[in-house]
Each structure stands twice: as C-alpha cells, then as structure tokens.
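Q: Numbering (my numbering), first residue to last: 34 to 141.
Structure incoming, see below.
So this is what it looks like as structure tokens:
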C-alpha cells in the first residue's frame, strides 16, 4: 500500500484519540512504505494540536529508530508544545529522539 493510505489511517486514529493504534499504523508504514518528512510532520503536528504529546513522542522515537528524515521544525514544534504544557517526561523523550536524528533542541 501507498504511504498516504497509512497516513490517512494514522490521522483518523489520532482524531479518534487512539494513540496506541496510530503508533501501530505508523510503525507498519515505516516497515511497508517509507513516509516522507512531510507525512511525519503532519502526524507530529496533529499530535501537538490534539495535545497527544506522548503519542507524538512515540512517533518521533519510531521515526528516529528507523533513521527517517524528519523536518527539524516539526520536531521542535512538538518539543515546544510539550515544554510549554510542562510535560517534562514527553519533552525529554522528544529531545532524546531529536538528538538521535541530529536535530538540535532549542533552549527555552
């Protein structure tokens, strides 16, 4: 299947607040059809918008583990929301994935 089908399914899961299922779909997408940086950014943006920060952190970590390209602005945006919402554990997990991707964490 095309990556966009996985993206649409993952987005639907996020909108339905099914973070675990969205993460499973994303991991399948990583195995079956490599997503673009824009697709990953779209998912991270949705997580930030819906305040599903732990799911966003999991998606970013999975992308880092698969050595995918992630736009630094998307990762930094997710980190900024977690930091602003005082979700330290999520912010730390996001920062760790960012470091693995070679993305600098902007200091607050």
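A virtual CB, placed ideally from N, CA and C, is assigned to each residue, including glycine.
1) Label residue 40 either buried or exposed according to how many other C-beta atoms from any shown protein chain fall within 10 Å of its C-beta, with 16 as the threshold for buried.
2) Can you round the beta-carbon distance between residue 81 and residue 114 to whole angstroms, since I take them to be within the 8 Å contact cut?
3) Out of 66, 84, 74, point me to the one whose CA is closest to residue 52's CA.
4) With DSSP as the reference, label residue 100 as helix, strand or coil.
5) Just checking my contact of residue 77 with residue 107 at CB under 8 Å: how many whole Å lie between their CB atoms?
6) If you measure between the beta carbons of residue 87 and residue 120, is that distance less than 9 Å?
A: Answer, in terms of the structure:
1) Burial check for residue 40: the Cβ neighbour count within 10 Å reaches 16 or more, so the residue is buried.
2) That belief holds up - the Cβ atoms of residue 81 and residue 114 are roughly 4 Å apart, short of 8 Å.
3) If we check each option's Cα against that of residue 52, 84 comes out closest.
4) Looking at residue 100 - three-state DSSP - the assignment turns out to be coil, as it is neither helix nor strand.
5) Indeed they touch by this definition, with Cβ atoms about 5 Å apart.
6) Yes. Within cutoff.
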